[in-house]
Amino acid sequence: MGVERKPLPSASDLNTLAVEQTWHFSGELSDVTEARESAAVFLGALRRMQPPSSPDAHDDVLLVVTELASNAFAYAPGPFGLRLRAMADTVQIAMTDTSPTAPKPRPADLSGRGGIGWHLINAVAEQTITVPEDAGKTVHAFLPW
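Here it is in structure tokens:
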């Protein structure tokens, strides 16, 4: 009696698409725009390798990057970092800042004083996770691509 063995997967059977880039910002207001523009360049390159699964995916990622960078500037004075990682059909956004306080929803102020960013992030992200760090926190948001 012989034992039937399954063939080992070949390299062509593996999904090796994992693209990642990290940026560090000093914490100036202009860094919010720079974070968004850096993310747009990353997504443009990603689009050429793997088109997004929905027409809104590109804009959703940029929205989350902008909101997280704005929150880092407003609530965590000092430098912040952005890492984007694309794996298969997901884009992971990781924003590290100097505040140990986890983001939380607050009532929206429609007169222009904010309160909608965290709601927007959670509306478009499949999942958000906040991880405490030695000198602050990292907010991870996972969005479909």
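Residue 1029 in this note's numbering is what sits at position 123 of the sequence shown, and the numbering runs on without skipping anything. A virtual CB, placed ideally from N, CA and C, is assigned to each residue, including glycine. Computed from a prediction, not measured in an experiment: that's the story for all the values here.
key: Classification of Thr1007 by the beta-carbon crowding that lies within 10 angstroms, buried from 16 upward   = By the Cβ-count criterion, Thr1007 is exposed, with fewer than 16 other Cβ atoms from all chains shown falling within 10 Å of its own Cβ.
ask   = Do the CB positions of Glu973 and Thr996 come within less than 9 Å of each other?
value = No. Outside cutoff.
inquiry  = Let me check you understand the geometry: is the CB of Ser960 closer than 8 Å to at least one non-hydrogen atom of the ligand ADP?
reply    = The ligand ADP is not part of the structure shown, which contains no ligands of any sort.
query = Do three or more CB pairs link the segment 986-996 to the segment 1014-1023 at distances below 8 Å?
reply = no
task = Look at the alpha carbon of Ser944 and the alpha carbon of Met955, and state the distance between them as a whole number of angstroms.
result = 17 Å
inquiry  = Which complete alpha helix (DSSP H) runs does the segment 954-981 hold, if anything under 4 residues is left out?
reply    = Taken in chain order, the unbroken stretches of alpha helix (DSSP H) that lie wholly in the segment 954-981 and span 4 residues or more are 963-981.
query = What's the gap between the Cα of Asp919 and the Cα of Thr1004?
reply = Bear in mind that a pLDDT of 46 at Asp919, under 50, signals an unreliable position, so the model cannot answer this.
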